[in-house]
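Sequence positions in the sequence shown follow the UniProt record's numbering and run 1 to 147.
The beta carbon of each residue, even a glycine, is placed where N, CA and C say it ideally should be.
Just so you know, these numbers come straight off a predicted model, no measurement behind them.
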Amino acid sequence: MPVCTASVEFSACGYRSLLGWVQLVREPNATDRFEVDPFDLFADSSAPFAWYGFRPVLFDAPSRWRSGAVQWQAHSFLTIGPWDLDRRFVVPLAGFAWGYNQDPENRLQLSPVRLLGPADWDSHRSYLAERYPTWRFSDGSPLADQR
1 MPVCTASVEF SACGYRSLLG WVQLVREPNA TDRFEVDPFD LFADSSAPFA WYGFRPVLFD
61 APSRWRSGAV QWQAHSFLTI GPWDLDRRFV VPLAGFAWGY NQDPENRLQL SPVRLLGPAD
121 WDSHRSYLAE RYPTWRFSDG SPLADQR
């Protein structure tokens, strides 16, 4: 199965370097919408982060193997919160899409990695707000500045 690793270089130190990865996936044979993809150890967490910490590393290896044609997609967003102002406010800094396609003979082909923009984040905001009602989610405008 494919794996994805994303590391962070960030000039802030200490608590200001506390970041979180929010990842949503679209599973085959499920609903058409993306859903949160929590790390299994944190599946019952009330926080929206799959990974978090000081310059956290995103690591994912899709674990739900299926036989036959599959199209698996993930939207991964690096986020920050203005912790000194609002501890439950999530602001996206960068985002990318990744995934794979599996043909009927179970051969895999990686999907091209692409940057995600403000509209991509904004398309997930209502779902995130519903899933995590004690958190607030910024609009996607900060993603317009990523390179």
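For A129, the enclosing alpha helix (DSSP H) stretches over residues P118 to R131.
Annotation for R26: the continuous beta strand (DSSP E) segment containing it runs L18 to R26. According to DSSP, E35 shares a beta bridge with V25.
Taking each of L18, F42, E130 and W65 in turn and checking the Cα distance to L108, the smallest one comes out for W65. Checking the DSSP bridge columns, you'll see T5 partnered with F59. In this structure, the straight-line span from the alpha carbon of P92 to that of S138 is close to 7 Å. Looking at the DSSP output, L115 bridges to F96. Exposed is the label assigned to W83, since fewer than 16 other Cβ atoms lie within 10 Å of its Cβ. Spatial neighbours of S7 in its own chain (CB-CB distance under 7 Å, excluding positions within 5 residues in sequence) are listed in chain order as V57.
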